[in-house]
Ligand SMILES: Nc1ncnc2c1ncn2[C@@H]1O[C@H](COP(=O)(O)OP(=O)(O)OP(=O)(O)O)[C@@H](O)[C@H]1O
Ligand SMILES: [Mg+2]
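Protein chains in written order, with the numbering used here: chain R, 1 to 387; chain L, 1 to 254.
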């Protein structure tokens with residue numbers, strides 16, 4: 001018996017059983033207690049509430065929503081809002097992080113200092129404070145009547161108004177695809193082996209590809225424009241209110257900015273670490289072959305740095321995705337806030353929180369799975385000797 | 001501009017005059033002068049920290065010198081980016097730790113620079129790459145990644161990669177020091193073949209047998225200076241310099 005307890009495998013298995021068992025006991029106890037409490041309050045448990053109408057409104061939704069809609073529809077909207085905020089926030093944070101991270105690795109002393117200051121400041125202030133700060137800044141912008149104006153943009157306390165094309169949503173989606181193609185095409189043309197032209201001489205083809213895709217986007221927009229209205233709809237003051245253009249609500253703008261700036265400071269460190277991990281030897285080899293600094297960056301430093309960055313970046317993305325729950329601090333109806341409102345209005349605490357946790361698990365596990373696949377696909381083959 | 005100085009212009013392949021190099025306040029090279037003729041094979045040796053790497057890295061501007069002149073194939077190495085690019089095109093380098101691009105196959109490693117720098121069409125670049133991989137005796141590894149090869153194989157890929165640019169001059173910085181003994185010979189054999197075909201080369205190495213076999217001249221460096229240079233016979237048997245003899249007794253194990 002004693003010798004069995006000294007066996008490492010047996011020990012690990014016992015620990016696992018103890019661990020899982022204690023968690024299961026806690027969960028079971030929680031459910032039993034909750035059921036008793038709910039019964040005492042006269043609330044029936046179960047998921048029937050999903051099909052009842054909510055009776056309250058949302059301040060931000062990408063899909064049509066009214067107070068008559070059922071809870072399940074609101075949850076869906078919440079998930080879409082969270083994903084939308086996450087996508088915008090993570091994209092902006094990645095852009096900010098790349099710029100700051102590159103500044104931190106640059107040979108220019110001032111750029112390095114600015115980058116370091118940025119990281120030191122924004123990484124060390126809690127996200128919730130930054131959210132409140134940006135919310136205060138945005139809600140203290142002038143009223144629509146005294147809005148800051150420039151290039152057709154209007155900054156007001158009621159939100160950011162930007163010019164927006166007056167086109168059908170189908171045309172808008174098609175044009176977006178064309179713009180994505182305009183970015184992806186030169187990258188593909190630069191790497192594919194289907195062209196016999198040497199990689200260094202593809203500038204012309206790449207430029208033509210981009211131009212063609214952009215032209216497509218323009219044609220789609222013009223063709224898809226709504227009748228009897230100007231192509232671009234500029235926001236303008238009418239009476240006491242602003243009409244036209246696209247309004248970005250202050251709550252969304254606040255969160256997108258806060259996540260971009262806070263997340264950017266973390267991503268900057270990841271970018272810096274990634275570039276530091278690239279061996280000096282590979283860079284020297286590329287230089288000794290006569291490759292110029294830009295080519296060395298694009299063909300050697302960036303691809304190697306990306307591989308070093310990606311696993312940590314995936315963690316950071318999952319983390320920032322969870323940070324979208326800050327929406328509740330300023331009243332943005334993300335998934336978390338909708339769940340909170342649901343609990344308030346319906347009393348279905350356990351069910352709603354269960355849905356919340358399941359939703360975030362699915363979102364974040366999918367994100368992690370996607371990154372794992374990319375990681376595996378681009379992982380360096382064989383043993384890597386660190387020189 | 002490099003254009004006026006075609007690789008075929010006359011004069012030495014590499015001319016180093018009174019070269020000084022500082023790292024901060026530390027002087028790594030002191031008034032080093034060396035002339036290497038076309039087709040000449042130079043072996044550089046000397047104790048650790050004597051400035052061997054620094055000297056050959058100055059020749060293709062991986063290090064920037066602080067005093068004196070370096071002229072490669074008639075082009076002076078100065079701040080002119082055109083000169084630097086032109087010289088790097090004609091000077092291949094092989095490193096102690098191979099420094100292959102780990103995210104590219106062996107073939108891609110060999111094709112990259114010719115296609116981008118020399119603007120060689122893909123098919124030609126591939127043909128050249130395969131020819132040189134044959135020459136370093138690993139044609140069957142073309143589609144593998146560097147991490148999947150042994151050290152000796154990686155170093156031979158590195159040599160092939162440099163050769164694919166069809167350089168006039170090859171620099172080797174301790175090409176076999178990171179290799180296990182049984183792999184040293186396979187790499188040295190490749191370099192010996194190259195030498196026998198008339199490639200101009202400067203090779204930093206402690207392989208004295210190799211030096212005896214291929215070198216036209218052996219350079220001994222110590223404390224950032226060239227202390228002695230002589231043909232191998234003379235260098236190994238009748239050097240009268242105290243520092244040289246001390247060094248030789250160490251590496252030859254007497
Ligand atoms: N980047 C650098 N910064 C500061 N000092 C350096 C740097 N590179 C080399 N040195 C110094 O310059 C001197 C010459 O270095 P170098 O690498 O040329 O020596 P080496 O002869 O190649 O030695 P080894 O046989 O160990 O490779 C050494 O004292 C070294 O410490
Ligand atoms: Mg050295």
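Where is the CB? At the ideal position from N, CA and C, for every residue including glycine.
So, for residue i: in the same chain, excluding its five sequence neighbours on each side, which residues have a beta-carbon less than 6 angstroms away from its beta-carbon?
i                      : result
residue 217 of chain R : 175, 178, 179
residue 39 of chain L  : 198, 200
residue 101 of chain R : 268, 271, 272
residue 129 of chain L : 107, 110, 111, 164
residue 247 of chain R : 159, 161
residue 104 of chain L : none
Given residue i, which residues of its chain have a CB within under 8 angstroms of its CB, disregarding the five upstream and five downstream residues?
i                      : result
residue 157 of chain L : 98, 100, 106, 109, 110, 133, 136, 138, 141, 146, 149
residue 207 of chain L : 176, 184, 188
residue 45 of chain L  : 52, 204, 205, 206, 208, 211, 218, 219, 220, 221, 247, 251
residue 197 of chain R : 205
residue 195 of chain R : 189, 202, 205
residue 70 of chain R  : 50, 51, 52, 53, 54
For chain R, is any of its Cβ atoms less than 8 angstroms away from the one on residue i?
i                      : result
residue 47 of chain L  : no
residue 62 of chain L  : yes
residue 181 of chain L : no
residue 95 of chain L  : yes
residue 88 of chain L  : yes
residue 116 of chain L : yes
residue 101 of chain L : yes
residue 123 of chain L : yes
residue 147 of chain L : yes
residue 160 of chain L : no
residue 112 of chain L : yes
residue 165 of chain L : yes
residue 80 of chain L  : no
residue 85 of chain L  : yes
Near residue i, what residues of its chain come up, given a Cβ to Cβ distance below 7 angstroms and the 5 sequence neighbours on each side ignored?
i                      : result
residue 35 of chain R  : 45
residue 2 of chain L   : Confidence at residue 2 of chain L is low in this model, with a pLDDT of 43, below 50, so its placement is unreliable and no value can be given for it.
residue 195 of chain L : 41, 201, 214
residue 36 of chain L  : 12, 13, 14, 42, 200, 202
residue 7 of chain L   : Per-residue confidence for residue 7 of chain L stands at a pLDDT of 48, beneath the threshold of 50, marking its modelled position as unreliable; the derived number appears in the next sentence. Here the set comprises 73, 90, 168.
Does any CB atom of chain L fall closer than 8 angstroms to the CB of residue i?
i                      : result
residue 284 of chain R : yes
residue 273 of chain R : no
residue 311 of chain R : no
residue 87 of chain R  : no
residue 281 of chain R : yes
residue 381 of chain R : yes
residue 32 of chain R  : no
residue 107 of chain R : no
residue 387 of chain R : Any answer about residue 387 of chain R is weak, because its pLDDT of 44 lies below 50 and its placement is not dependable; what the coordinates show is given next. With 8 angstroms as the cut-off, residue 387 of chain R counts as an interface residue toward chain L.
residue 384 of chain R : yes
Which residue's Cα is closest to the Cα of residue i: the options?
i                      : options                    : result
residue 68 of chain L  : L:77, L:17, L:90, L:81     : L:17
residue 90 of chain L  : L:243, L:64, L:59          : L:59
residue 226 of chain R : R:330, R:382, R:165        : R:165
residue 95 of chain R  : R:270, R:230, R:288, R:328 : R:270
residue 125 of chain L : R:108, R:110, R:117, R:193 : R:193
residue 316 of chain R : R:12, R:215, R:264         : R:264
residue 12 of chain L  : L:239, L:41, L:20, L:28    : L:41
residue 252 of chain R : R:186, R:283, R:330        : R:330
residue 61 of chain R  : R:360, R:333, R:363        : R:333
residue 186 of chain L : L:155, L:36, L:28, L:167   : L:155
residue 95 of chain L  : L:172, L:232, L:123, L:213 : L:172
residue 116 of chain R : R:107, R:103, R:128        : R:103
residue 127 of chain R : R:301, R:261, R:20         : R:261
residue 352 of chain R : R:337, R:173, R:277        : R:337
residue 171 of chain R : R:140, R:220, R:259, R:144 : R:220
residue 33 of chain L  : L:229, L:242, L:216, L:241 : L:229
residue 305 of chain R : L:102, L:242, L:162        : L:102
residue 56 of chain R  : R:298, R:81, R:120, R:345  : R:345
residue 231 of chain R : R:366, R:167, R:285        : R:167
residue 259 of chain R : R:29, R:299, R:323         : R:323
Mind listing, in chain order, the continuous alpha helix (DSSP H) runs of no fewer than 4 residues lying wholly within the stretch 260–322 of chain R?
280–288, 293–296
Residues near ligand 1, CB to any non-hydrogen atom under 5 angstroms, in chain order?
L:23, L:28, L:48, L:49, L:50, L:51, L:52, L:53, L:54
Contiguous alpha helix (DSSP H) assignments of at least 4 residues, all confined to the stretch 119–165 of chain R:
127–139
Extract the residue ranges of the beta strand (DSSP E) inside the stretch 34–75 of chain L, only unbroken runs of 3 or more that lie entirely within it.
41–45, 67–72
For the stretch 186–226 of chain L, list the beta strand (DSSP E) runs that are entirely contained and at least 3 residues long, ordered along the chain.
200–204, 217–222
Which complete alpha helix (DSSP H) runs does the stretch 4–87 of chain R hold, if anything under 4 residues is left out?
8–41
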